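> Those sequence lines, one after another, are chains A and B.
Note that the numbering used here gives residue 74 to position 70 of the first sequence, counting from 1, and the numbers run on in steps of one.
Note that the numbering used here gives residue 74 to position 59 of the second sequence, counting from 1, and the numbers run on in steps of one.
I am attaching a structure below and will ask some questions about it afterwards.
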Amino acid sequence: SAQLTQDPAVSVVLGQTVTITCQGDSLRGYLPSWYQKKPGQAPILVLFRADNRAPGIPDRFSGSTSGIAASLTVTGAQAEDEADYFCASRDISGRQVIFGGGTRLTVL
Amino acid sequence: QVQLVESGGGEVQPGESLRLSCSASGFTFSSWAVHWVRQAPGKGLEWLCAISYHSGDIWYADSVEGRFTVSRDNSKNTAYLRLDNLRHSDTAIYYCARAPTDTTSKFDYWGQGTLVAVSS
C-alpha cells in the first residue's frame, strides 16, 4: 500500500494518556516521523525515526513502531497538545514521502 | 536562527503558472535538502517533491510530476517550486521544509507557507 492510515479523530481528558496510531506497509521498512499541526501555523516535527523526540518537544510525547504500525503517545495530555497529528514515512519505493491523513486530537 | 520564508503565492486562473520561492537563512543551505509540502483547505498534508543539497537528486509525487518543477540556487540560499497548468485542486498553502536528505521524512524546520489560490 502507498498509504498511511490514521484514525480521523481521538479525544483525551486533560492529564490522561492518549495514543495515536498510523498504519501502512511502508512502515515495515521505513521508520516514521510525526508532525503536530495547529491552524494557521506551520507543522512542527514531534518525533523522527519512530521514537526520537525533536529538540524542544516535551518528554510526554513518545513513539513506537511494530511491523506495519506506529504510534504516538501523549502521557499526561495538556490543553496545548490539541492539534492535528500526521505521521509520515518514505513510501515503499523509497523515492517519495507519504503522509497519513491526520488525526485530530481533542483535549477535553 | 534557522529560518525559511516562502513567497510567490497568489491568486491565479486555471492553466496559469506560478513560481514559489523558499529563502533560507541561519544555516548552511547548501548542505541540506529541501522538500515542498502543501495543505489544501480542510485537508491533510501532502508531500510534493524534494531536491537534494546538490540538485543531483529530485523526486516528485505522482500527483504533480510533469506539472511542478523544483530547483535551487545555493548561491542565493533559495529553493524554487514552479507550478504549471494550475488546477482548482492545487489551491493550498505551500510549505518548504529543510531535511537532512532528499529521501527522509524528517523535516525539522518549516516555513510559514504561501497561499496559492486557483480560481476562475
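Note that the Cβ used here is the ideal one computed from N, Cα and C, for glycine as well.
Given the structure is predicted, the values throughout are model-derived calculations rather than measurements.
For the segment 76 to 92 of chain A and the segment 15 to 30 of chain A, state whether three or more C-beta atom pairs, one from each stretch, are separated by less than 8 Å.
yes
> Inspect the beta-carbon positions of A/Gly-19 and A/Ala-87 and report whether they are closer than 8 Å.
No, they are not a contact pair.
> State yes or no: is the beta carbon of A/Ala-83 nearer than 8 Å to at least one beta carbon in chain B?
no
> Which residues in the same chain as A/Val-101 place their Cβ atom closer than 8 Å to its Cβ, once the five residues preceding and following it in sequence are excluded?
Closer than 8 Å at Cβ, skipping near neighbours: Ala-92, Ser-93, Arg-94 and Asp-95.
> Shorter than 8 Å from the beta carbon of A/Ala-74 to some beta carbon of chain B?
no
> Below 8 Å between beta carbons: does that hold for B/Val-79 and B/Arg-102?
No, they are not a contact pair.
> Which chain B residues are close to A/Ala-46, counting only those with a beta carbon under 7 Å from its beta carbon?
Tyr-110, Trp-125, Gly-126, Gln-127 and Gly-128
> Reducing DSSP to helix, strand and coil, say where A/Arg-32 ends up.
Three-state result, A/Arg-32: helix.
> Can you round the beta-carbon distance between B/Trp-47 and B/Arg-113 to whole angstroms, since I take them to be within the 8 Å contact cut?
5 Å
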